[in-house]
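Numbering (the working numbering), first residue to last: 3 to 137. Input: a single structure, listed below in C-alpha coordinates.
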(Lines of atoms letter the chains of each structure in order from A and count residues from 1; the text may use other names and numbers.)
(Lines give C-alpha, C1' and ligand atoms only; values in the text may rest on other atoms or scores of the structure.)
Protein backbone atom coordinates (compact mmCIF):
# COMPACT_ATOMS: atom_id res chain seq x y z
CA UNK A 1 0.00 0.00 0.00
CA UNK A 2 2.77 2.42 0.90
CA UNK A 3 4.53 2.05 -2.46
CA UNK A 4 1.27 2.72 -4.32
CA UNK A 5 0.63 5.81 -2.19
CA UNK A 6 4.18 7.06 -2.80
CA UNK A 7 3.71 6.60 -6.55
CA UNK A 8 0.76 9.03 -6.40
CA UNK A 9 2.76 11.87 -4.81
CA UNK A 10 2.38 14.90 -7.06
CA UNK A 11 -1.05 13.86 -8.37
CA UNK A 12 -3.90 16.34 -8.13
CA UNK A 13 -6.55 16.53 -5.41
CA UNK A 14 -10.03 15.75 -6.70
CA UNK A 15 -13.10 15.79 -4.48
CA UNK A 16 -14.83 12.39 -4.50
CA UNK A 17 -12.04 10.92 -6.67
CA UNK A 18 -10.26 7.60 -6.16
CA UNK A 19 -7.66 7.67 -8.93
CA UNK A 20 -5.95 6.96 -11.07
CA UNK A 21 -4.62 10.54 -11.30
CA UNK A 22 -6.83 12.54 -8.90
CA UNK A 23 -7.62 11.64 -5.31
CA UNK A 24 -9.39 12.80 -2.21
CA UNK A 25 -8.04 11.51 1.12
CA UNK A 26 -10.18 8.40 1.52
CA UNK A 27 -9.97 7.75 -2.23
CA UNK A 28 -6.18 7.57 -2.01
CA UNK A 29 -6.35 4.99 0.79
CA UNK A 30 -9.05 3.03 -1.06
CA UNK A 31 -7.00 3.06 -4.29
CA UNK A 32 -3.77 1.97 -2.56
CA UNK A 33 -5.51 -0.96 -0.88
CA UNK A 34 -7.36 -2.00 -4.05
CA UNK A 35 -4.13 -1.93 -6.07
CA UNK A 36 -2.74 -4.43 -3.55
CA UNK A 37 -5.80 -6.69 -3.71
CA UNK A 38 -6.99 -5.65 -0.26
CA UNK A 39 -10.50 -4.61 0.72
CA UNK A 40 -11.06 -1.18 2.24
CA UNK A 41 -14.30 0.80 2.46
CA UNK A 42 -14.43 3.91 0.27
CA UNK A 43 -15.79 6.40 2.81
CA UNK A 44 -13.67 8.07 5.48
CA UNK A 45 -16.24 7.23 8.17
CA UNK A 46 -16.09 3.53 7.30
CA UNK A 47 -12.29 3.60 7.05
CA UNK A 48 -12.15 5.10 10.54
CA UNK A 49 -14.11 2.11 11.84
CA UNK A 50 -11.97 -0.45 9.98
CA UNK A 51 -9.10 -2.23 11.64
CA UNK A 52 -7.74 -1.78 15.12
CA UNK A 53 -6.14 1.27 16.71
CA UNK A 54 -2.40 1.06 17.29
CA UNK A 55 0.15 3.54 18.66
CA UNK A 56 2.16 5.51 16.11
CA UNK A 57 5.30 3.85 17.50
CA UNK A 58 3.99 0.50 16.17
CA UNK A 59 2.89 1.84 12.77
CA UNK A 60 3.96 -0.04 9.67
CA UNK A 61 3.87 0.98 6.00
CA UNK A 62 0.29 0.95 4.73
CA UNK A 63 -1.39 1.55 8.08
CA UNK A 64 -4.03 4.28 8.04
CA UNK A 65 -3.32 7.53 9.88
CA UNK A 66 -6.07 9.98 10.82
CA UNK A 67 -5.80 13.72 11.43
CA UNK A 68 -8.14 16.53 12.40
CA UNK A 69 -7.26 19.38 10.05
CA UNK A 70 -8.41 22.95 9.60
CA UNK A 71 -11.67 23.58 7.74
CA UNK A 72 -13.43 26.66 6.44
CA UNK A 73 -16.12 26.42 9.15
CA UNK A 74 -13.50 26.50 11.91
CA UNK A 75 -14.57 23.16 13.40
CA UNK A 76 -11.94 21.04 11.71
CA UNK A 77 -12.50 17.87 9.75
CA UNK A 78 -11.05 14.39 9.73
CA UNK A 79 -8.70 13.27 7.00
CA UNK A 80 -6.85 10.01 6.36
CA UNK A 81 -3.43 9.18 4.96
CA UNK A 82 -1.17 6.17 4.63
CA UNK A 83 1.86 5.51 6.78
CA UNK A 84 5.14 5.25 4.85
CA UNK A 85 7.28 4.95 7.96
CA UNK A 86 7.01 6.22 11.54
CA UNK A 87 7.97 9.73 10.41
CA UNK A 88 6.26 10.05 7.02
CA UNK A 89 2.74 9.65 5.63
CA UNK A 90 1.16 10.33 2.25
CA UNK A 91 -2.06 12.37 2.26
CA UNK A 92 -4.32 13.97 -0.35
CA UNK A 93 -4.73 17.63 0.57
CA UNK A 94 -7.62 19.73 -0.82
CA UNK A 95 -6.72 22.57 -3.15
CA UNK A 96 -4.71 23.16 -6.26
CA UNK A 97 -1.03 22.32 -6.48
CA UNK A 98 -0.30 26.06 -6.44
CA UNK A 99 -2.13 26.26 -3.09
CA UNK A 100 -0.17 23.32 -1.67
CA UNK A 101 -2.89 20.79 -2.42
CA UNK A 102 -2.65 17.39 -4.04
CA UNK A 103 -1.06 14.14 -2.97
CA UNK A 104 1.91 14.93 -0.74
CA UNK A 105 4.39 13.40 1.66
CA UNK A 106 4.08 14.89 5.13
CA UNK A 107 6.32 14.70 8.19
CA UNK A 108 4.48 13.10 11.08
CA UNK A 109 6.98 14.58 13.50
CA UNK A 110 6.52 18.09 12.06
CA UNK A 111 4.60 20.63 14.10
CA UNK A 112 1.49 20.87 11.90
CA UNK A 113 0.79 17.16 11.45
CA UNK A 114 1.92 15.95 14.89
CA UNK A 115 -0.48 18.39 16.56
CA UNK A 116 -3.37 17.14 14.43
CA UNK A 117 -2.77 13.39 14.75
CA UNK A 118 -5.92 11.58 15.90
CA UNK A 119 -4.72 8.00 15.60
CA UNK A 120 -3.36 5.13 13.55
CA UNK A 121 -5.27 2.03 12.50
CA UNK A 122 -4.07 -1.32 11.22
CA UNK A 123 -6.52 -2.70 8.66
CA UNK A 124 -7.25 -6.33 9.33
CA UNK A 125 -7.22 -8.93 6.52
CA UNK A 126 -11.00 -9.40 6.79
CA UNK A 127 -11.86 -5.71 6.34
CA UNK A 128 -15.41 -4.91 5.15
CA UNK A 129 -16.13 -5.05 1.45
CA UNK A 130 -14.23 -2.35 -0.43
CA UNK A 131 -17.19 -1.41 -2.60
CA UNK A 132 -19.16 -0.16 0.41
CA UNK A 133 -19.69 3.59 0.67
CA UNK A 134 -19.06 6.16 -2.01
CA UNK A 135 -17.16 9.19 -0.76
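Even glycine gets a Cβ: it sits at the ideal position worked out from N, Cα and C. Note that this is a predicted model, so its numbers are computed, not measured.
Straight-line Cα distance separating residue 70 from residue 201:
For residue 201 there is no data in the structure shown, the boundaries of the chain being 3 and 137.
Taking the continuous alpha helix (DSSP H) assigned at residue 118, which residues delimit it?
In the chain shown, residue 118 corresponds to position 116, counting from 1. Unbroken alpha helix (DSSP H) run through residue 118: 113 to 118.
With DSSP run on the structure shown, which of helix, strand or coil describes residue 10?
Looking up residue 10 in the chain shown gives position 8. For residue 10, the secondary structure class from DSSP, reduced to helix, strand or coil, is coil.
Thinking C-alpha only, which one of 12, 11, 32 is nearest residue 19?
What you label residue 19 is simply residue 17 of the chain shown in a count that begins at 1. Cα-wise, what sits closest to residue 19 is 32.
Among 84, 12, 8, 51, which residue has its Cα nearest to the Cα of residue 97?
As a working mapping, residue 97 is identified with position 95 in the chain shown. In terms of CA proximity to residue 97, 12 leads the group 84, 12, 8, 51.
Closest by C-alpha distance to residue 92, when choosing among 81, 114, 82, 107
Translated into the one-based positions of the chain shown, residue 92 becomes position 90. If we check each option's Cα against that of residue 92, 107 comes out closest.
With residue 105 and residue 10 assumed to form a contact (beta carbons below 8 Å), what rounded beta-carbon distance in angstroms separates them?
Taking the first residue of the chain shown as 1, we reach residue 105 at position 103. Taking the first residue of the chain shown as 1, we reach residue 10 at position 8. The Cβ separation is near 5 Å, so the contact holds.
Assuming the contact rule is C-beta atoms closer than 8 Å, residue 45 and residue 28 should be a hit. Round their C-beta distance to whole Å, please.
Reading the chain shown from its first residue, position 43 is the one you call residue 45. Reading the chain shown from its first residue, position 26 is the one you call residue 28. That pair is a contact at about 6 Å.
Measure the C-alpha to C-alpha separation of residue 72 and residue 78 and round it to an integer number of angstroms.
Along the chain shown, read from residue 1 onward, the residue named residue 72 stands at position 70. Along the chain shown, read from residue 1 onward, the residue named residue 78 stands at position 76. Each residue's Cα considered, the two are about 5 Å apart.
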